[in-house]
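J.: Mind looking over this structure? Questions follow.
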Amino acid sequence: MAFVDFQPRVWTVAQAGQCLAGLAIASLLLNIIYRLFFHPISKYPGPKLWALTALPSTYYTLRGTKSYKISELHNRYGPIVRVGPYEVSYISEVAEKDIYSSHRASGGKQLGKWKFTPPSRIGGIFNNPSDTDHSRLRRILGVAFSDKAVREREPFLQDYTSLFIKRLKELPAGKPVDIVWWLGCIGFDTVAHVTFGTSFHALETSTLPELAPQNHDLIVNSARQASVGLYFLGRLLYKCLPEPPDFAIRRRVFAGLFAEHEARRKAGKKDENEVEDLVTIMSKKIGSQEKGLSQAEMSVVSSDFNIAGSDTSASALSGIIFHLLTSPSKLQTLVNEIRSSFATEAEIKSPGIHTLKYLNAVINESMRLTPPVPETTRRITNPGGNVICGDLVPGGIRVGIYRYAAGHYAPAWKDVEEFVPERWLGGKGYEDDQLGLANPFATGPRNCIGQSFAMTYMRLVLARLFWNFDLEICDESRNWLDMKVYSLIIDKGPLFVKLRSLR
-2 MAFVDFQPRV
8 WTVAQAGQCL
18 AGLAIASLLL
28 NIIYRLFFHP
38 ISKYPGPKLW
48 ALTALPSTYY
58 TLRGTKSYKI
68 SELHNRYGPI
78 VRVGPYEVSY
88 ISEVAEKDIY
98 SSHRASGGKQ
108 LGKWKFTPPS
118 RIGGIFNNPS
128 DTDHSRLRRI
138 LGVAFSDKAV
148 REREPFLQDY
158 TSLFIKRLKE
168 LPAGKPVDIV
178 WWLGCIGFDT
188 VAHVTFGTSF
198 HALETSTLPE
208 LAPQNHDLIV
218 NSARQASVGL
228 YFLGRLLYKC
238 LPEPPDFAIR
248 RRVFAGLFAE
258 HEARRKAGKK
268 DENEVEDLVT
278 IMSKKIGSQE
288 KGLSQAEMSV
298 VSSDFNIAGS
308 DTSASALSGI
318 IFHLLTSPSK
328 LQTLVNEIRS
338 SFATEAEIKS
348 PGIHTLKYLN
358 AVINESMRLT
368 PPVPETTRRI
378 TNPGGNVICG
388 DLVPGGIRVG
398 IYRYAAGHYA
408 PAWKDVEEFV
418 PERWLGGKGY
428 EDDQLGLANP
438 FATGPRNCIG
448 QSFAMTYMRL
458 VLARLFWNFD
468 LEICDESRNW
478 LDMKVYSLII
488 DKGPLFVKLR
498 SLR
């Protein structure tokens, strides 16, 4: 009778390694096959490599060219493109509503929010993953950006614009001027006044505040960190490494602004006609239950407004000026409208500036081509999935609309790369343009809370700038649009122009 040897087989290290390697390869192949052919979003067109891994997205983010690449992909694959293993990008007015609306009318809930803030920070108003907290903060701040508040703020906007014009007139005639730099000065001063009721004195001293490079670095580094998924590691690093110098600078500057604000409050220094600044409004709500906010939230919100307001306004105005100076006929049309609409500079104010049809068209067209926030504000589909453009997208998928791509999508715009303000005025041949795709201030319950203020500010600065000066672009800045984009910031280079004062 034969005996069967039931002794276990002893594997060598080499054999065990080969087995593990085989399992790893098999798992990788199965994952590749699943992502390419069986994943619920595999039906959407897009480059295969992007469907397999987030590495292409990370690569273009680190290079500062992702917005341009996404635009290229949409023009190749269509209005719906898979741009990651778990991400889909859309260009559609229907998708705009499906992704960003509150869904209250249908009894649904908002799509989830992608948290991209560093782990050491609580959510502010721009990046708070909690809809409840965001709504609470927005209700508190809404009074500061109502139409009434914007009208009441116009006198100080006029003051800063007057100083802006004055400083430009003091510059040597005929010499190149970096208009981006000066727009940064007025932007920082204006936003500081809205937030703290005081100024950085950038226009007075011809010096950008030391926060300027810190704001830039904070956004760029955050975008890069998010792209390579460092936030989990970041939680450990923040505990082990010393605080970066730029964080210390930000803390010191904002501590000084808060201290100055508190000193003015205690001294009772307040103009009776001055509208309340954000810190004053928020201070009244600190500690109140449910509807209030914390001291930490007030600090984050103040910092967020400083970053978002100063940089985006400078980006938008710089883009508008560039497009005008490289389109002489459009510039002349705008100049004629402004200079024929007002008898004196004192008349350049609300409501007159809001009725300048060509100026409004210029602003809209420039922000289509060069949106101040070119990236997407991502949403995450809810666990049960969400219907987007008539199709059920499973839960856990990142979805969104890249603003730069939407403005450069050839099927949606005639003469897509041309600066044509007339398309916003019903110009002949442009009736079929999908104007609803251009939403530089976003849509839905998380749209830009300060858009009414921003539009008033831009109209005022542009109208008074072109009332007082003839502008000409310098040859070295004709390729100004060749710039990098990092999340919410455009890495703007100098925009050199020549100014000729008319008055």
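Under the numbering used here, think of the first position of the sequence shown as -2, with each following residue one higher.
Note that CB positions come from ideal geometry on N, CA and C, so glycine has one too.
1. Between Leu70 and Pro37, is the Cβ-Cβ spacing less than 8 Å?
2. Thinking just about the alpha-carbon of each residue, which of Ala11, Asp156 and Val80 is nearest to the one in Lys346?
3. So, Leu314 versus Met455, is the Cβ gap smaller than 8 Å?
4. Quick one: using the 10 Å Cβ neighbour count with 16 as the cut-off for buried, is Arg91 buried or exposed?
5. The beta strand (DSSP E) with Arg395 in it runs from where to where?
6. Assess contact between the region 398 to 410 and the region 325 to 339, defined as three or more Cβ pairs (one per stretch) separated by less than 8 Å. Is contact present?
7. Would you mind sorting Ser117 into buried or exposed? The rule is 16 or more other CB atoms within 10 Å of its CB.
8. Can you tell me which of the three DSSP states Arg497 falls into?
9. Considering only C-alpha positions, which residue in the set Phe161, Thr187 and Gly171 is nearest to Trp179?
10. Does the region 174 to 188 come close enough to the region 487 to 494 that 3 or more CB-CB pairs lie under 8 Å?
11. Please classify Phe197: is it buried, with 16 or more other beta-carbons within 10 angstroms of its beta-carbon, or exposed?
12. Just how far apart, CA to CA, sit Ile377 and Val396?
13. Check each candidate in Phe463, Glu257, Ala260 and Thr202 and name the one with the smallest Cα separation from Leu322.
14. Return the CA-CA distance between Arg262 and Arg150, expressed in angstroms with no decimal places.
15. Would Ala48 be called buried (16 or more neighbouring beta carbons within 10 Å of its own) or exposed?
16. Return helix, strand or coil for Glu84, following the three-state DSSP convention.
17. Less than 8 Å between the C-beta atoms of Asp301 and Gly121, yes or no?
18. For Cys386 versus Tyr97, is the C-beta distance shorter than 8 Å?
19. What residues match up with Phe197 in a beta bridge as DSSP calls it?
20. Short check: CB of Glu294 to CB of Leu134, under 8 Å?
21. Under 8 Å, with one C-beta from each stretch per pair, do the region 435 to 442 and the region 359 to 377 reach the 3-pair mark?
22. Ordered along the chain, which non-local residues of its own chain (more than five positions away) have a Cβ less than 6 Å from that of Thr453?
23. Unbroken alpha helix (DSSP H) runs of length 4 or more, entirely within the region 408 to 489: which are they?
24. Which full runs of the alpha helix (DSSP H) of 4+ residues lie inside the region 118 to 146, going along the chain?
T.: In brief:
1. Locating residue 70 in the sequence shown gives position 73, counting from the first residue. Locating residue 37 in the sequence shown gives position 40, counting from the first residue. It is not a contact, given that the beta carbons lie outside the stated cut-off.
2. What you label residue 346 is simply residue 349 of the sequence shown in a count that begins at 1. Checking every option, the nearest Cα to that of Lys346 belongs to Asp156.
3. For the purposes of this step, residue 314 is taken as the residue at position 317 of the sequence shown. For the purposes of this step, residue 455 is taken as the residue at position 458 of the sequence shown. Yes, the Cβ-Cβ distance between Leu314 and Met455 is below 8 Å.
4. In the sequence shown, counting from the first residue as 1, residue 91 sits at position 94. A quick correction: the sequence has Val, not Arg, at residue 91. Looking at its Cβ environment, which holds fewer than 16 other Cβ atoms inside 10 Å, Val91 is exposed.
5. Here residue 395 corresponds to residue number 398 of the sequence shown, with the count starting at 1. It spans Arg395 to Gly397 - the beta strand (DSSP E) in which Arg395 sits, taken as one unbroken run.
6. no
7. Looking up residue 117 in the sequence shown gives position 120. Any reading at Ser117 needs caution, since the residue's pLDDT is 49, under 50, leaving its predicted position unreliable; the model's value is listed next. Looking at its Cβ environment, which holds fewer than 16 other Cβ atoms inside 10 Å, Ser117 is exposed.
8. To locate residue 497, count along the sequence shown from 1; it is residue 500. Residue state, collapsed to three classes: strand.
9. Counting from one through the sequence shown, the residue named residue 179 turns up at place 182. With distances taken between Cα atoms, Trp179 lies closest to Phe161.
10. yes
11. To locate residue 197, count along the sequence shown from 1; it is residue 200. Phe197 is buried by the Cβ-count criterion.
12. Taking the first residue of the sequence shown as position 1, residue 377 is located at position 380. Taking the first residue of the sequence shown as position 1, residue 396 is located at position 399. Rounded to the nearest angstrom, the two C-alpha atoms are 6 Å apart.
13. Sequence index remark: in the sequence shown, residue 322 carries index 325 (1-based). Nearest C-alpha to Leu322: Phe463.
14. In the sequence shown, the residue the question calls residue 262 occupies position 265. In the sequence shown, the residue the question calls residue 150 occupies position 153. Going by the C-alpha atoms only, they are around 19 Å apart.
15. Position 51 of the sequence shown holds residue 48. Buried, since its Cβ has 16 or more Cβ neighbours within 10 Å.
16. Translated into the one-based positions of the sequence shown, residue 84 becomes position 87. The answer is strand: DSSP assigns Glu84 an E or B state.
17. Along the sequence shown, read from residue 1 onward, the residue named residue 301 stands at position 304. Along the sequence shown, read from residue 1 onward, the residue named residue 121 stands at position 124. Cβ atoms of Asp301 and Gly121: closer than 8 Å.
18. Along the sequence shown, read from residue 1 onward, the residue named residue 386 stands at position 389. Along the sequence shown, read from residue 1 onward, the residue named residue 97 stands at position 100. Not in contact: Cys386 and Tyr97 (Cβ atoms no closer than 8 Å).
19. To locate residue 197, count along the sequence shown from 1; it is residue 200. The partner list for Phe197 (beta bridge, DSSP) is empty, contrary to what the question assumes.
20. The residue given as residue 294 occupies position 297 in the sequence shown. The residue given as residue 134 occupies position 137 in the sequence shown. Yes, these two residues count as a Cβ contact at 8 Å.
21. yes
22. On the sequence shown, residue 453 is found 456 positions in, with the first residue counted as 1. For Thr453, where only same-chain residues beyond five positions count, the Cβ hits under 6 Å are Val147.
23. 448 to 465
24. 128 to 139
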